[in-house]
Every structure is written in C-alpha cells, then in structure tokens.
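Undergrad:
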Amino acid sequence: MTGGAGYIGSHASKTLSQAGYDVVVLDNLSAGHRQAVKDVPLIQGDVSDVPLVRRVLRDHQISAVMHFAALLDVGASVRDPAGYYRNNVVGTLGLLEAMAAETVRLLVFSSTCATYGEPIETPIVETHPQRPINSYGETKLAIERSLPHFERAYGIHSVALRYFNAAGADPDGEIGEDHSPEIHLIPRAIHSATGGECLQVFGDDYPTPDGTCLRDYVHVVDLAEAHVRALEALAETGRSTAYNLGTGTPHSVREVIESVERVTNRRVPWTLGPRRPGDPAVLYAAAHKAQAELHWKPRFADLDSIVATAWRWHQRHPHGYGPADRD
Ligand SMILES: NC(=O)c1ccc[n+]([C@@H]2O[C@H](COP(=O)([O-])OP(=O)(O)OC[C@H]3O[C@@H](n4cnc5c(N)ncnc54)[C@H](O)[C@@H]3O)[C@@H](O)[C@H]2O)c1
C-alpha cells in the first residue's frame, strides 16, 4: 500500500488487516504520519524510487498494490503543476515500472471526481466526460489513461476508484484525518467550533437551494471497504474498470456546518468569502455501478453519523497526530 500513512490509506490498511490480508506500507511521510500505521510494516521511501519499490515488492512477496500516494491539494496543484506532475504522474510511472518488472499484476488506484471537471450532468456517472479543470485532476486522469496501456503491455489489471469527498474517521477513534494545512470542510468546521481559525465559506451565490456548494461526503471506512471489494473482484475476474465512490446524496456547505453544530453542540463561527475559482456548484456521484458490481453500500449514509466519527477523532486527538510524528 503506497501512501498508507495518510488519511484514507491508513483506514484502508486497518480494514484490510481486519479482513485478514498482510499489508506493507510504503510512504515517504511527506504528508503522512508514522502513528497512523498500526501493526504493519512501514517502509519510508518514495514511489518513484524504482529499485526500492522493486525490492519491497520482491522481499514482501507482494501480490497486489493499492496506490494512495499522491499530492491532493487542488489549489496547490494550480500553483505548482510541476510538483504535482512529478509526484503524481512520474511517481506513479515509477511504481508501475517496478510492478511490471516484478510481475505484480493487480492495482487499485486512488482516483478522484476531480477527473470529471465541471459536470455537464449530475449525478455523475462513470461514463461522464473526463475534462479536469486543475492540474491535480489532470495528473489523476493521466494515470487512469495510462492504465490500459500497462495492462496491454505488462498484464497489470487495475481498478480506478474515483472518490468524491472522503470524510469522517475510524469509529474506534484510533486514526483519523490530519492534513497540514487542512483543506477539507468537516475538520475545518470542527477546528472553528473548537476555537481554531474561523471557517471561511467560499461563496453563497451558487445556483443551489441555499447558495452554497453541494458535495458528496463519503465515509473513509466505507471507502476502505470498497477497496477490499474492488481488489477481490479484480483478483477474481481480472477485469479492469473504474468506479465512482460516493453516497449519491449531496450536502451543502451550510448543511455541513449545521451538522457539525448539532454533533458538537457548539457554534461554528464562519465568514463568507468569495467563490474559489474552479469550484463547481454541484458534485455528486451516481454510485450504482459500485453498488451493483461490488455489492458495496455505504454504512455511514447520513451526514451526522459521518461528522460524529470525525468529532470523536478530534476529541481524542485535538492536535492530530502531533508535530513530533511527522518526519
Ligand atoms: N481525501 C479526499 O477527499 C480524496 C478525494 C479523492 C481522491 N483522493 C485520493 O486519495 C488518495 C489518498 O488521499 P488522502 O486524503 O489519504 O491523502 P494524504 O495526504 O493523507 O495521504 C497521501 C499519502 O501519500 C504519501 N505520499 C505522497 N506522495 C508520495 C510519494 N511520492 N511516495 C510515497 N508516499 C507519498 C503521503 O506522505 C501521505 O501519507 C490520494 O491519491 C488522493 O488523490 C482523496
């Protein structure tokens, strides 16, 4: 598992271990946390380091790769496309090259709804045109587009999972979301409710019922479970494909704020800012394909239950994993 010290990867690692799989994490700890890796080996290194990746694949007799490692801040990707292409595209090509050389033939790839760009139709189905509007989405799409070629040439079968907005935390409160800077709405709203920086809402004049953007928040443990199902289906059928992972129910920024207020029983101070360039008004998934083919159904379907797990993590770890933890 690349990027297994990060937010979604650490949850997937826990879920895979609970399902009986042996997991090995490769992470350069540029954004991840040592403490997020529980009871499985952590190798600190970069996915672009082909000799290292080959050694890890060989030494641990790896049969499948889940590739979470990436940079994912849309705004930063607009300012630094070179860094994003280098890390997300060149880095992934290194991983694929190592997999081809070591004949590892199963890949689950973390893709994103950002590959769709401005939707022409919602809910978004997997066949919706993919026209990203930022370099982050382009880097993910570049990899998605490369995968059929790697399958043809080297026999690497793959599933691209296009997540919508990952949210929530491990219900045990053991691991959770700790990005720096934090770019996601729910943890930012919780910070604001607990005396941290005031939340800024980017625009309230969108063509939506309350004027704020609508997004599809999907629980990180549900994402983790989808990975296990996607891997098992891929191992069984060898059929490469892509799935949207979302709940199919959009929530507005205001609804998220109200949910955080209900769950924490505190007020979320917020101010209104301008729209962010490139923020579509409405993004939510048609997730029927994953439901039908992987028999995947999100367990955390309502927003309050998602927020409650994020709140539990925050209460147990008000400063995240702590600065000493990051290399
Ligand atoms: N968080 C979301 O809402 C969301 C939505 C859609 C897609 N995704 C995708 O899911 C994946 C995981 O996202 P996350 O929120 O867990 O991010 P994260 O930053 O918490 O985790 C990413 C991990 O990858 C590691 N990493 C980055 N580049 C690396 C490299 N070159 N070599 C080795 N390790 C490297 C980081 O140290 C970090 O631990 C990413 O690929 C992201 O694009 C996330």
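The numbers in the sequence shown follow the working numbering, run straight up by one, and end at 1025.
Even for Gly, the Cβ is constructed at its ideal location relative to N, Cα and C.
Just so you know, these numbers come straight off a predicted model, no measurement behind them.
1) Can you tell me which of the three DSSP states Ala734 falls into?
2) Give me the residue from Gln828, Cys911, Glu842 with the minimum Cα distance to Gly971.
3) Keeping to the same chain, check which residues put their C-beta closer than 7 Å to that of Gly1018; ignore five residues upstream and five downstream.
4) Tell me whether Ser878 is buried or exposed, calling it buried when 16 or more other Cβ atoms sit within 10 Å of its Cβ.
5) Is Asp725 a contact residue of ligand 1, with contact defined as CB to any heavy atom under 6 Å?
6) Are there any heavy atoms of ligand 1 lying less than 6 Å away from the beta-carbon of Val1005, as far as the coordinates show?
7) Ends of the alpha helix (DSSP H) at Met764?
8) CB of Phe807 to nearest heavy atom of ligand 1: below 6 Å?
9) Could you check if Tyr982 belongs to the surroundings of ligand 1, using beta carbon to heavy atom distance under 6 Å?
10) Excluding five sequence neighbours on each side, which residues of the same chain lie with their C-beta closer than 8 Å to the C-beta of Ala999?
11) For Leu755 and Val966, I'd like the C-alpha separation in whole angstroms.
12) Between the region 893–904 and the region 731–739, can you find at least three pairs of beta-carbon atoms closer than 8 Å?
13) Would you tell me roughly how many angstroms separate the C-alpha atoms of Asp1023 and Asn942, rounded to the nearest one?
14) Spatial neighbours of Trp968 within its chain, please: C-beta separation below 8 Å, excluding the five flanking residues on both sides.
15) Taking the alpha-carbon positions, what's the Asp655 to Arg974 distance?
16) Quick one: grab the DSSP three-state call for Val722.
17) By the DSSP assignment, the alpha helix (DSSP H) with Trp1009 in it spans what residues?
18) Report yes if the C-beta of Ala780 is less than 6 Å from at least one heavy atom of ligand 1; otherwise report no.
19) Hey, Asn832 and Val772: beta-carbon distance below 7 Å or not?
20) Measuring alpha carbon to alpha carbon, tell me which of Val926, Thr837, Ser844 ends up nearest Gly707.
21) Could you give the first and the last residue of the continuous beta strand (DSSP E) run that contains Arg803?
22) Quick one: Cα of Ala867 to Cα of Ala1008, how far?
TA: Quick answer:
1) helix
2) Cys911
3) Asp876
4) exposed
5) yes
6) no
7) First-last for Met764: 763–765, but that is the beta strand (DSSP E), not the alpha helix (DSSP H).
8) no
9) no
10) Thr945, Thr947
11) 46 Å
12) no
13) For Asp1023, the predicted structure reports a pLDDT of 43, less than 50, and the residue's modelled location is therefore unreliable. A value from the coordinates is still provided. Roughly 33 Å between the two C-alpha positions.
14) Ala887, Ser890, Cys896, Leu897, Gln898, Val899, Ile955
15) The question about residue 655 has no answer, for the chain in this structure spans 699 to 1025.
16) coil
17) 1001–1014
18) no
19) yes
20) Val926
21) Run containing Arg803: none; DSSP gives neither H nor E here.
22) 5 Å
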